[in-house]
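As they're listed, the protein sequences go chains Z and H.
Going letter by letter, the first sequence gives residues 1 to 507 in UniProt numbering.
Going letter by letter, the second sequence gives residues 1 to 403 in UniProt numbering.
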Amino acid sequence: MSEYILEMKNISKTFPGVKALSNVNFKVKTGEIHCLVGENGAGKSTLMKVLSGVYPYGTYEGNIILNEEEQKYKGIADSEAAGVAIIYQELALIPELSLYENIYFGHEIKKGMTVDWNETIVKASEMLKQVRLDVNPATKVKDLSVGKQQLVEIAKALSKNVKLLILDEPTAALNEDDSANLLDLLRELKTQGVTSIMISHKLKEIVSIADTVTVLRDGQTVCSMDAIETKVTEQDIIKHMVGREINNIYPKRENVKIGNVCFEVKNLTAYDPTLGREILHNVNLNVRKGEIIGIAGLMGAGRTEFALSVFGNPKGYKVDGEILVNGENKVFHSPKDAIGAGIAYVTEDRKGNGLILIDDIKHNITIANINALAKSSVINENEEINVANRYLESINIKAPSIEQCVGNLSGGNQQKVSIAKWLFAGPDLLILDEPTRGIDVGAKFEIYSLMNKLVEQGMSIIMISSELLEVLGMSDRVYVMSNGKITGEVAADEATEQGIMAMATTI
Amino acid sequence: MSAVEQKAMNQKVSLVEEVAGLFKGNIREYAMYIVLVAIIAIFSFITDGLFISSRNISNLINQTGYIAVLAVGMTLILIIKQIDLSVGFVAGFLGAIAAILMTKSGISEWITIPIILVFGLVIGLFYGFLVAKVGVPAFVATLAGQLVFRGLLLLVTEGSGTIIIPNKGFNAIGNDFIPDIFKGSSIHLLTLIIGALAIVFFIYSQIKARKNMKKYNFKVVSDPIFITKLVFIAVIISGIVWILASYNGLSWTVVIVAVVVFIYNFVMNKTTYGRYVYGIGGNAEAAELSGVNVVKITSMVFASMGLLAALSGILFTSRLQSATTVAGNGFELDAIAAAYIGGVSANGGIGKVTGSIIGALVMSSLSSGMNLMGVGISYQYVIRGTILVLAVVFDVMTRKANK
Chain Z
1 MSEYILEMKN ISKTFPGVKA LSNVNFKVKT GEIHCLVGEN GAGKSTLMKV
51 LSGVYPYGTY EGNIILNEEE QKYKGIADSE AAGVAIIYQE LALIPELSLY
101 ENIYFGHEIK KGMTVDWNET IVKASEMLKQ VRLDVNPATK VKDLSVGKQQ
151 LVEIAKALSK NVKLLILDEP TAALNEDDSA NLLDLLRELK TQGVTSIMIS
201 HKLKEIVSIA DTVTVLRDGQ TVCSMDAIET KVTEQDIIKH MVGREINNIY
251 PKRENVKIGN VCFEVKNLTA YDPTLGREIL HNVNLNVRKG EIIGIAGLMG
301 AGRTEFALSV FGNPKGYKVD GEILVNGENK VFHSPKDAIG AGIAYVTEDR
351 KGNGLILIDD IKHNITIANI NALAKSSVIN ENEEINVANR YLESINIKAP
401 SIEQCVGNLS GGNQQKVSIA KWLFAGPDLL ILDEPTRGID VGAKFEIYSL
451 MNKLVEQGMS IIMISSELLE VLGMSDRVYV MSNGKITGEV AADEATEQGI
501 MAMATTI
Chain H
1 MSAVEQKAMN QKVSLVEEVA GLFKGNIREY AMYIVLVAII AIFSFITDGL
51 FISSRNISNL INQTGYIAVL AVGMTLILII KQIDLSVGFV AGFLGAIAAI
101 LMTKSGISEW ITIPIILVFG LVIGLFYGFL VAKVGVPAFV ATLAGQLVFR
151 GLLLLVTEGS GTIIIPNKGF NAIGNDFIPD IFKGSSIHLL TLIIGALAIV
201 FFIYSQIKAR KNMKKYNFKV VSDPIFITKL VFIAVIISGI VWILASYNGL
251 SWTVVIVAVV VFIYNFVMNK TTYGRYVYGI GGNAEAAELS GVNVVKITSM
301 VFASMGLLAA LSGILFTSRL QSATTVAGNG FELDAIAAAY IGGVSANGGI
351 GKVTGSIIGA LVMSSLSSGM NLMGVGISYQ YVIRGTILVL AVVFDVMTRK
401 ANK
């Protein structure tokens with residue numbers, strides 16, 4: 001067997017007007033865990049799509065050599081047949097089907113003309129055991145947590161006799177426990193001869209797991225670092241990613257002026273009728289003027305549910321408790337009411353419920369406060385264009401014009417559009433739900449700096465984040481949630497990663 | 001000075017490029033007009049000019065009226081990813097109610113018409129309540145409505161059969177033309193004057209908008225293209241006006257449709273309501289979390305559809321001068337087809353009221369032309385169905401290519 005399972009040579013790929021990849025060379029050793037990193041738009045996903053046949057042979061330049069054979073894929077089916085499996089950030093499972101149906105979906109085990117369900121269940125159970133998922137294979141996918149669904153995806157890949165497993169940001173949506181579990185599994189698969197390529201933005205994970213780290217920047221390979229021989233640090237990776245050293249990922253605030261309590265929640269309890277259980281129990285929390293509050297916790301701790309309950313309760317939970325804005329008791333019947341009281345909420349899922357992807361930047365920025373631009377419902381379009389251009393410049397949204405469709409922007413720029421929308425609404429309290437998920441280091445820094453600027457101007461921010469370092473680096477005070485309850489409150493300078501993790505795991 | 005320099009540069013270097021760029025960026029929109037012109041040209045050629053004759057064009061446009069107003073309402077419905085399958089029989093039923101009010105109850109047509117419009121509005125509001133508030137899928141709610149109103153139409157016309165309407169004022173809506181205040185000429189002068197005013201108003205508003213854009217330093221198309229566009233549209237309006245004026249002039253139907261299109265076009269493009277409708281179509285959840293009252297806007301869109309269904313019923317009943325037991329059968333499908341041909345996205349969020357009017361004209365030009373050629377009704381259905389699917393295929397392909 002050769003040293004390299006995969007060699008991609010001089011890969012170039014051009015989209016109308018953009019050169020996404022130019023002469024990329026990418027080599028993966030047999031049996032290693034190879035991490036691929038780079039800012040958003042660096043070309044990682046494009047490269048993996050070339051490798052998996054999403055972009056078929058002929059639509060790119062260069063050669064792919066897998067197991068010493070040149071590959072010319074016509075589609076995904078060909079790459080799968082060659083033993084390449086790709087697992088995307090957005091999971092491709094069918095929620096209403098069982099685990100065993102999902103695992104063998106598309107390559108069913110057949111007996112004559114019909115599906116052999118008994119054999120399927122037996123084989124699927126083996127696959128689930130292999131990914132250390134101890135659940136009944138007849139469970140429906142929708143009843144599993146995201147972390148477990150990820151494992152099902154891997155089981156599905158294993159069932160296809162995968163030789164080369166590609167994971168696109170596998171831990172982006174996972175809590176720390178599930179992430180650790182997943183990384184362990186990759187190590188175990190390595191001992192069984194499965195080679196993995198992992199795309200990730202979480203540098204800490206990369207440092208802990210990678211045998212080799214390849215950095216892409218602007219569609220080119222910057223370097224490939226052997227992490228076994230010499231230790232690769234987070235700073236090394238960041239340096240290559242952005243081409244500059246960011247000494248301080250979390251910029252310090254200059255004029256901290258924290259005022260009185262401007263927003264308070266008392267004994268907030270919420271019941272979700274569709275789940276049939278309580279999702280928030282007696283939550284008490286307050287925010288001062290000019291303060292950044294961090295809400296830490298694991299996935300499913302109830303943080304997003306808290307934000308939604310406060311922000312006009314659009315999901316129709318049964319909510320009890322008091323919400324006080326500047327000491328005044330408020331009841332919000334819809335997000336509209338909450339916005340009227342000066343609250344803004346940047347959602348966790350910017351594509352799903354944050355932005356209107358088919359519309360342009362301009363309309364996305366103004367929608368939450370369009371009435372400010374209208375006289376008896378008639379919009380002053382010239383003024384609207386001015387507003388949009390102002391934000392394009394002031395928070396550095398990288399786009400050719402405000403007429404650009406938001407769906408075509410990178411994750412970081414989409415997030416900036418989401419934030420711009422709420423800044424234009426002029427809130428006193430900005431709730432940011434996972435504000436830096438899936439965006440690159442450079443854009444993260446810009447968003448942190450923007451947050452600091454906003455609180456210096458007197459805004460208050462609640463930041464919900466699963467990244468502990470981010471919470472510690474940005475907050476003045478940290479609340480920790482677990483299982484729908486606040487399990488701790490600490491000042492940021494007294495908080496430690498271990499301390500918060502301990503509170504996040506108490507039930 | 002820089003504006004002048006820039007203009008000069010544009011003319012020299014990139015006029016061709018600009019045209020190509022405009023065409024590429026707006027191919028979906030331009031294609032619709034090209035198809036309409038092609039259909040008109042082909043039919044005119046095949047029928048030795050009979051198709052383009054004043055009488056035929058006038059008839060064609062007047063026949064499109066009751067579908068056109070439905071297509072306008074349906075555009076909004078489809079943009080917010082809903083559907084209304086009941087509009088045909090709502091129109092038919094309300095037309096029959098109008099006939100009954102005027103003949104049996106002896107109510108004047110000028111009182112009947114507002115009553116019917118209010119009925120339509122109420123029916124639409126009820127759908128809005130079912131769909132937006134209760135959460136019944138629009139397909140189911142309006143399919144049920146289709147059955148109900150079909151039944152009600154039969155019920156109210158069962159005893160009498162076709163109801164002949166004697167009211168001259170009512171029948172004028174679908175059949176008569178605006179009076180010519182300058183009588184004695186073979187040409188309808190008032191129509192020509194209105195046409196001329198429309199052209200002047202159009203050119204004035206375009207120039208004003210462009211000036212305003214320049215004031216804010218926004219990008220505008222270069223002068224030659226702007227002038228070409230103005231001349232082109234002015235020529236088309238004059239052509240249509242001339243054809244109509246040499247027959248009986250503008251019909252009341254055209255006036256009503258024009259007013260409806262003007263209002264809806266304004267609401268959709270210039271007001272917050274229009275923005276909310278597009279927002280809900282693009283991403284309802286994001287719109288709600290941005291403070292849009294999705295239930296209210298959805299209800300309003302259904303209410304407007306009900307109102308326009310009532311108007312459609314009035315136009316149709318008036319045109320036939322009677323209410324029949326099968327009035328409205330299949331209108332909803334023509335209206336939906338017109339909207340899709342006119343560029344409403346099958347995935348919602350995208351579409352224009354003016355486009356749907358073009359779509360309606362494409363459909364009725366096809367019918368009219370094929371009738372003149374003596375094509376059987378069975379073939380006509382097949383051909384119209386094919387055109388519809390081709391339009392949506394083209395739509396999907398161009399959107400993919402633009403991504």
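Where a beta carbon is used, it is the ideal one built from N, C-alpha and C, also for glycine.
Please read all numbers here as calculations on a predicted model, not as lab measurements.
Here ARG55 (chain H) is exposed: its Cβ has fewer than 16 other Cβ atoms, across all protein chains shown, within 10 Å. With at least 16 other beta carbons inside 10 angstroms of its own, GLN150 (chain Z) counts as buried.
Our two residues, SER309 (chain Z) and LYS330 (chain Z), have alpha carbons roughly 13 angstroms apart in a direct line. At a C-beta separation below 9 angstroms, HIS363 (chain Z) has these neighbours in chain H: ARG275, TYR278, GLY279, GLY282. Against chain Z, the CB of PHE89 (chain H) has no partner CB under 8 angstroms away; the residue lies outside that interface.
Rounded to whole angstroms, the separation of the alpha carbons of ILE431 (chain Z) and LEU392 (chain Z) is 21 angstroms. Flagged as an interface residue toward chain H: ASP359 (chain Z), by a C-beta distance shorter than 8 angstroms.
Residues of the segment 284-305 of chain H with a C-beta atom less than 8 angstroms from some C-beta of chain Z are GLU285, ALA286, ALA287, GLU288, LEU289, SER290, GLY291, VAL292, ASN293, listed in chain order. Taking 9 angstroms as the upper bound on Cβ-Cβ separation, chain Z lies near residues ASN212, MET213, LYS215, TYR216, PHE218, LYS219 of the segment 191-221 of chain H. TYR33 (chain H) sits in a helix when the DSSP states are folded into three classes. For the C-beta of LYS270 (chain H), the chain Z residues within less than 8 angstroms are, from N- to C-terminus, VAL378, ILE379, GLU381. Counting the other Cβ atoms within 10 Å of the Cβ of PHE182 (chain H) gives fewer than 16, which makes it exposed. The C-beta separation of LEU101 (chain H) from THR112 (chain H) comes to about 5 angstroms, placing the pair in contact by the 8 angstroms criterion.
Neighbourhood of LEU355 (chain Z) in chain H, by CB distance below 8 angstroms: ASN283, ALA286, in chain order.
Between GLY300 (chain Z) and VAL471 (chain Z), the C-beta spacing is not below 8 angstroms. At a Cβ-Cβ threshold of 8 angstroms, THR195 (chain Z) and GLU32 (chain Z) count as neighbours. Listed along chain H are THR271, THR272, each with a C-beta nearer than 8 angstroms to that of ALA374 (chain Z).
Put simply, the backbone Cα of ASN286 (chain Z) is about 29 angstroms away from that of GLY352 (chain Z). Among the residues of the segment 339-364 of chain H, those with a Cβ less than 7 angstroms away from any Cβ of chain Z are GLY349, ILE350, in the order of the chain.
GLU278 (chain Z) carries a strand assignment under DSSP once its states are collapsed to helix, strand and coil. In the DSSP annotation of this structure, the continuous segment of the beta strand (DSSP E) that includes GLY62 (chain Z) starts and ends at 61-66.
Separation of the CB atoms of VAL28 (chain Z) and ILE5 (chain Z) is rounded to 6 angstroms, and the pair is thereby assigned contact status at 8 angstroms. The way I'd put it, the segment 320-334 of chain H doesn't touch the segment 22-33 of chain H; fewer than three beta-carbon pairs between them come closer than 8 angstroms.
Of Z:GLY327, Z:VAL346, Z:GLY316, Z:GLU348, the smallest CA-CA separation from HIS333 (chain Z) is found for Z:GLY316.
The DSSP-derived three-state label of GLU70 (chain Z) is strand.
Residue-level contact by beta carbon fails for ALA307 (chain Z) and chain H, as no gap is shorter than 8 angstroms. DSSP, read as helix, strand or coil, puts LYS318 (chain Z) in strand. Under the rule that a run must span 3 or more residues, the beta strand (DSSP E) segments found entirely inside the segment 319-372 of chain Z read 328-330, 343-346. Excluding its 5 nearest sequence neighbours in each direction, ALA124 (chain Z) has C-beta neighbours in its own chain below 8 angstroms: LEU99, TYR100, ILE103, TYR104, PRO137, ALA155, SER159, listed in chain order. Using a Cβ-Cβ cut-off of 8 angstroms, GLY342 (chain Z) does not count as an interface residue toward chain H, since no Cβ of chain H sits closer than that to its own. Of H:ILE39, H:VAL294, H:VAL301, H:SER108, the smallest CA-CA separation from ASN171 (chain H) is found for H:SER108. Among the residues facing chain H, TYR88 (chain Z) is not included, as its CB has no counterpart in that chain under 8 angstroms away.
When C-alpha distances from ASP218 (chain Z) are compared across Z:LYS453, Z:THR46, Z:LEU423, Z:ASN483, the shortest belongs to Z:THR46. Between the alpha carbons of VAL136 (chain H) and CYS262 (chain Z) lies a gap of roughly 41 angstroms. Excluding its 5 nearest sequence neighbours in each direction, ASP360 (chain Z) has C-beta neighbours in its own chain below 8 angstroms: ILE402, GLU403, GLN404, CYS405, VAL406, listed in chain order.
The Cβ atoms of THR272 (chain H) and ILE209 (chain Z) lie no closer than 8 angstroms to each other.
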